[in-house]
Amino acid sequence: MPDLGRYATEVLLAYGGSLALLVVMVAASVWQSRRVRRRLEAMETRRGKPS
Numbered sequence: 085m086p087d088l089g090r091y092a093t094e095v096l097l098a099y100g101g102s103l104a105l106l107v108v109m110v111a112a113s114v115w116q117s118r119r120v121r122r123r124l125e126a127m128e129t130r131r132g133k134p135s
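Numbering (the working numbering), first residue to last: 85 to 135.
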């Protein structure tokens with residue numbers, strides 16, 4: 085790891101915050117995709133179409 089000097093705390097917090105934000109965004113995307121898929125399958129079932 086490179087020597088970050090006196091800004092090490094700020095830089096590492098920025099990296100950590102960015103990584104946390106990416107994880108939250110990916111998790112939200114997966115959650116929404118699963119929710120939409122379930123709703124679509126329910127709609128198709130009501131119309132009589134096989135899944």
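Even glycine gets a Cβ: it sits at the ideal position worked out from N, Cα and C.
Because the structure is a prediction, the values reported are computed rather than measured.
> Going along the chain, which residues of its own chain have a beta-carbon closer than 6 Å to the beta-carbon of Leu97, five neighbours each way excluded?
Replying inline: none
>> Using 9 Å as the threshold, is the C-beta distance between Val95 and Leu106 below it?
In response: no
>> My output table needs one value for Leu88: the three-state DSSP class, helix, strand or coil.
In response: Looking at Leu88 - three-state DSSP - the assignment turns out to be coil, as it is neither helix nor strand.
>> Quick check: the Cα distance between Ala104 and Ala112, rounded to an integer number of angstroms?
In response: 12 Å
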